[in-house]
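Read the structure below first, then the notes.
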Amino acid sequence: MVAARAPGGWGTKLAVEIVSIRRYGPATAVVLTRGDTYKGARPARVGKLASYTLVREAATEQWRIAAVQKTRHRPLMEALSFRFQPATRPARSSADSRAS
51 MVAARAPGGW GTKLAVEIVS IRRYGPATAV VLTRGDTYKG ARPARVGKLA SYTLVREAAT
111 EQWRIAAVQK TRHRPLMEAL SFRFQPATRP ARSSADSRAS
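Under our numbering, think of the first position of the sequence shown as 51, with each following residue one higher.
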C-alpha cells in the first residue's frame, strides 16, 4: 500500500493499493485500485475501489488518465457477488500472492 497526503485535509493521508493492471493493446490500460483517506493509523482494510482508464499519448509516449470510476467498497455484497458469480472476482495481483 502506498501512503500519500490527501489534498485538502489537515492531517489526512491517502492509502492506495494497486489491485491489477490490464493492458488492452500498446496504448490502453485499465488500472484497478483500492484506497481510502485516513487520519492516525493506516486502516487494515480500505473501503473504496477506483478504476482508471489510461491511454498512451502517441506524441509524448506519456500515459494519461482518460476516465475514473470510484465505488464504495461493500464487503458483504462483494462476497455474495463472488460466491454466486465467480467470474466477477478480480484477478489476483502479485502483491496479493505475496501477502498470502
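Ideal placement from N, C-alpha and C gives every residue a C-beta, glycine not left out.
Rounded to whole angstroms, what's the CA-CA distance from alanine 137 to alanine 116? Just pull it up for me. 26 Å
Alpha carbons only, please: which of Ala77, Thr103, Val81, Ala141 is nearest the one belonging to isoleucine 71? Val81
What separation, rounded to the nearest whole angstrom, lies between the Cα atoms of glutamine 112 and threonine 103? 14 Å
Buried versus exposed call for threonine 83 [16 or more other C-beta atoms within 10 Å across all chains shown]: buried
Among residues of its own chain, excluding the 5 on either side of proline 140, which ones have a beta-carbon nearer than 7 Å to its beta-carbon? For proline 140, where only same-chain residues beyond five positions count, the Cβ hits under 7 Å are Val69, Ser70, Leu82.
From the DSSP output, read off the bridge partner residues of tryptophan 113. Per DSSP, Arg106.
Give the secondary structure of threonine 62 by DSSP, where H, G and I count as helix, E and B as strand, and everything else as coil. Looking at threonine 62 - three-state DSSP - the assignment turns out to be coil, as it is neither helix nor strand.
Residue range of the unbroken alpha helix (DSSP H) whose run includes alanine 129: 125-134
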